[in-house]
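Novice: Sequence positions in the sequence shown follow the working numbering and run 1 to 242. Beta carbons are placed, not taken as given, at the ideal position from N, Cα and C, and that holds for glycine.
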Amino acid sequence: MTGGASGIGRATAGLLAERGARVAVLDLDPSPVPAPLLALTADVTDDASVRAAVARAVELLGRLDVLVNNAGIGAQGTVEDNGDEEWRHVFDVNVLGMVRTARAALPHLRRSAHAAIVNTCSVAATAGLPQRALYSATKGAVHSLTLAMAADHVREGIRVNFVNPGTADTPWIGRLLDAAPDPAAERAALEARQPTGRLVSAAEVAGAIAYLASPMSGATTGTALAVDGGMQGLRPRPAAGR
Ligand code: NAD
């Protein structure tokens, strides 16, 4: 899996290992990754680095059944706020990063009897969120890319699905809160946006990814699993209304 050194990825790598999988974590900085997880340095924006890390993972683990494409970065602002270079970079990580790892993994996945790819998308792909033009555009691309990949590989027995987390309590959100003028107020605003009144946990997203990665979801492909506290689908009335 990619981006497994922190947040959602770290929780997912831990859960998959707990359930008996042998997991390789590809990350820019895999130093926080504890054994028995296999820590491999890789930059998803660099095709050679991704190919080398996937080859090394297969060499050490002997096979590949599941790819979790989770590495991603954020961007804030409206269309007026991010320059072309930042647009290219965030697309390079969030979208092309998944293309590169899938390209490197597919020949190995074809040999598995239970092959699955799970992409980490976001509620931002389908709900208009303020100040997230670039980030949302990348996740919209991940949404479409996942559906196209699911169609391309269904006859090869490779399932491709995605999770759509809402605002999840990870170091990423910690960094955003730290940068806000009033972190406590910012956190309260994010919590209030969730119909459940609280942020999503990394463990909850990990559980959804593990389900889509497992043969238990063997008839599920081209499907989004929302893990967003109801943010996309529910319209509760404000202030505990019924
Ligand atoms: P995080 O910042 O805690 O972890 C992201 C990991 O990706 C880090 O370990 C980082 O080193 C790695 N990474 C970044 N760029 C990389 C690159 N070029 N090559 C390899 N690894 C790289 O973030 P998180 O909150 O756990 O987010 C994980 C995924 O979940 C992202 O795709 C993000 O878009 C998505 N997501 C997060 C939230 C949220 O609220 N936290 C909500 C919806 C979707």
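Where does R88 sit, in a helix, a strand or coil, going by DSSP?
Specialist: Locating residue 88 in the sequence shown gives position 88, counting from the first residue. Reduced to three states, the DSSP call for R88 is helix.
Novice: Which class does T120 belong to by DSSP, given the choice of helix, strand or coil?
Specialist: For the purposes of this step, residue 120 is taken as residue 120 along the sequence shown, with counting starting at 1. Note: T120 maps to strand in three-state DSSP.
Novice: For N245, tell me which candidate among V163, A48, G62 has the shortest Cα-Cα distance.
Specialist: Given that the chain is displayed from residue 1 to residue 242, the structure contains no residue 245 and the question cannot be resolved.
Novice: Mapping the DSSP letters down to three states, classify R19 as helix, strand or coil.
Specialist: Counting from 1 along the sequence shown, the entry for residue 19 is found at position 19. If DSSP states are grouped into helix, strand and coil, R19 belongs with coil.
Novice: Determine the extent of the beta strand (DSSP E) in which V66 is found, giving its start and end residues.
Specialist: By one-based count along the sequence shown, residue 66 stands at place 66. Here the beta strand (DSSP E) through V66 covers 66 to 69.
Novice: So, using beta-carbon positions, are A127 and I8 closer together than 9 Å?
Specialist: Translated into the one-based positions of the sequence shown, residue 127 becomes position 127. Translated into the one-based positions of the sequence shown, residue 8 becomes position 8. In this structure, I8 does not lie closer than 9 Å to A127 by Cβ.
Novice: For D43, does the count of other Cβ atoms within 10 angstroms reach 16, so buried, or fall short, so exposed?
Specialist: Numbered from 1 along the sequence shown, position 43 holds the residue referred to as residue 43. Buried, because 16 or more other Cβ atoms sit within 10 Å of the Cβ of D43.
Novice: Which residues in the same chain as V93 place their Cβ atom closer than 7 Å to its Cβ, once the five residues preceding and following it in sequence are excluded?
Specialist: As a working mapping, residue 93 is identified with position 93 in the sequence shown. So the list reads V44, T45, A71, G72, I73, once near-sequence residues are dropped.
Novice: What are the start and end residues of the alpha helix (DSSP H) that includes I73?
Specialist: In the sequence shown, counting from the first residue as 1, residue 73 sits at position 73. Premise fails: I73 is in no alpha helix (DSSP H) and is neither H nor E.
Novice: Which same chain residues, not among the five before or five after P171, have their C-beta less than 7 Å away from its C-beta?
Specialist: Looking up residue 171 in the sequence shown gives position 171. Cβ neighbours of P171 beyond the five flanking positions: S6, G7.
Novice: Closer than 8 Å to a non-hydrogen atom of ligand 2 - does that hold for the CB of T2?
Specialist: Looking for ligand 2 in the displayed structure turns up nothing; the ligands present are ligand 1.
Novice: If V142 sits next to H153, beta carbons under 8 Å apart, how far is it from one beta carbon to the other, in whole angstroms?
Specialist: Translated into the one-based positions of the sequence shown, residue 142 becomes position 142. Translated into the one-based positions of the sequence shown, residue 153 becomes position 153. At roughly 16 Å, the Cβ-Cβ gap does not stay under 8 Å, so V142 and H153 are not in contact.
Novice: Less than 8 Å between the CB of V95 and some heavy atom of ligand 1, yes or no?
Specialist: Locating residue 95 in the sequence shown gives position 95, where the first residue counts as 1. No, Cβ of V95 sits at least 8 Å from all heavy atoms of ligand 1.
Novice: Give the DSSP bridge partners of G77, in chain order.
Specialist: Position 77 of the sequence shown holds residue 77. G77 is bridged to R132.
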